[in-house]
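Read the structure below first, then the notes.
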Amino acid sequence: MIDIDRVRADTPACSRIAHLNNAGSSLMPGAAYDAMIDYLQREQAIGGYETAAERESDTARFYQEAARLYGCSPEEIAYCESDTQAWLKFFHSLRFSPGDRIVTTRLNYGSHFVSFIQKAELGVETVVVGCDANGDVDLHGLEKSLDERTRLITMSHIPTGGGTISPAAEVGRIARDAKVPFVLDACQSSGQIPVRVREIGCTAMTATGRKYLRGPRGTGLLYVERSFLGQMEPTALDQHGVELLDANRFRLLDGARRFENYEVNHAARVGLGAAIAYANEVGMEAIGERVIALGAVCRQLLSDIPGVTVHDRGSVLGGIVTFSMSGMSPREIQQYLHTHGVNISVSGGAGGRIDFQARGIDSLARASLHYFNTREEIQKMAGLLAQAR
Ligand SMILES: Cc1ncc(COP(=O)(O)O)c(C=O)c1O
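Going by this note's numbering, the letters in the sequence shown line up with residues 613 to 1001, in that order.
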């Protein structure tokens, strides 16, 4: 059981605002904020390189805690500046030839489609698997779409624009049977529900720091399965990712850190490490159960309000709740709630465009619950919406 009073006390803004925008950017727990500020102060006091040498164990903690969270080894983790950067680093290191195929789903994140369009110019085809009548990824269609030309399966575990939790382990099984690499974009699922890479069977996985992991902005990570690493040479390698032997030769580092850049924000990495340690301590099973339960409460309370429509689809739903209301645009809903101390966001940009286009939706209001949120906060939002009518 999560000690809600404690986690809310560790999150000072909870006393002032109802932050239901955790799929946008969550609130850092005090421990993550303190670790980051303390690191910055040390840099200010003794110098950046000197702090890095003195605080090696803080840096190592990021890799250890991430490995604990995902059930992998620290050597399989690379620190990146966002989910998209992690995904791009992996994707563009794969070698595609004309005629190759990429398989993805309609619920996949928008930025990835930019890369698919770039690859199409080289003759690489992308197959976009749709959803069944329930709103779930059509697994049968996904399996059927694989053939000898398929070089990659990639999908978002939870989309940006809805609560659907896709069956990642099922896709992992299909990918393994077909011997096709599988990259899971766990941007919204990391820190929201348990994500165990060995159980899922993905080849690579990407995550961002600022959302459900509750880390600082501008942070993210990449997991790459050790057995696959041997085949991978990052496209944009710097001297940190290799051992430079002489003017003509280098040797790649053994682990996933070959994907990292030499220069990163050290304080932010320490902050993300502390945020992940906090999630590990609270416990991902308990977090996942509470987020799913709060999501269900929110959908129920919103559906009870005349004029409000909940749009989430799928048989397993998490803490992202999308809705619309007659007489108010999603932007107006967001602004109105914000003036009353409730943070939500609007979903409708490029991130979820492929799915929204297929559903004929322009934009939706999006409330995204985390474990430190309460039923009272959801009731407050629902009450405000009922009054606004
Ligand atoms: C499902 C999903 N994937 C990827 C991303 C991109 O994450 P980042 O902004 O950290 O690159 C987002 C951001 O909203 C997302 O919702």
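Heads up, the beta-carbon is just placed ideally off N, CA and C, and yes, glycines get one too.
Does DSSP put residue 640 in a helix, in a strand, or in coil? coil
In terms of residues, what are the limits of the beta strand (DSSP E) holding residue 692? 689-692
Cβ separation of residue 773 and residue 976, assumed to be a contact under 8 Å, to the nearest whole Å: 7 Å
Secondary structure of residue 696, DSSP reduced to three states: helix
Supposed close pair residue 930, residue 722 - CB separation, criterion 8 Å: Not a contact, Cβ separation roughly 19 Å.
Do residue 693 and residue 827 have their C-beta atoms within less than 7 Å of each other? no
Kindly indicate which three-state DSSP category residue 858 falls into: helix, strand or coil? strand
Thinking just about the alpha-carbon of each residue, which of 904, 968 and 958 is nearest to the one in residue 987? 904
Along the alpha helix (DSSP H) that carries residue 874, what are the first and last residues, could you check? Per DSSP, residue 874 belongs to no alpha helix (DSSP H) and is neither H nor E.
Under 5 Å, CB to any heavy atom of ligand 3. Which residues pass, going along the chain? The model on display carries ligand 1 but not ligand 3.
Touch test, the segment 798-816 against the segment 777-789, Cβ-Cβ under 8 Å, three pairs minimum: yes
So, with DSSP's three-state summary, where would you put residue 1004? The requested residue 1004 does not occur in the structure, where the chain is confined to residues 613 to 1001.
Given a cut-off of 7 Å on the beta-carbon distance, is the pair residue 747 and residue 883 in contact? no
Could you give the DSSP three-state label for residue 957: helix, strand or coil? strand
List the endpoints of the continuous beta strand (DSSP E) containing residue 816. 816-820
Using a Cβ distance threshold of 8 Å, determine whether the segment 889-902 contacts the segment 790-805, with at least three qualifying pairs required. yes
In or out: residue 921 buried (at least 16 other Cβ within 10 Å) or exposed? exposed
Where does residue 984 sit, in a helix, a strand or coil, going by DSSP? coil
Which residues in the same chain as residue 740 place their Cβ atom closer than 8 Å to its Cβ, once the five residues preceding and following it in sequence are excluded? 716, 717, 718, 720 and 966
Measure the C-alpha to C-alpha separation of residue 761 and residue 710 and round it to an integer number of angstroms. 10 Å
Applying the 10 Å Cβ sphere with the 16-neighbour rule, what's the burial state of residue 756? exposed
Taking only the alpha-carbon atoms, compute the straight-line gap between residue 841 and residue 876 and give it to the nearest angstrom. 22 Å
Measuring alpha carbon to alpha carbon, tell me which residue in 960, 800 and 932 is nearest residue 696. 800
Does the distance from the CB of residue 835 to the CB of residue 809 come in under 7 Å? yes
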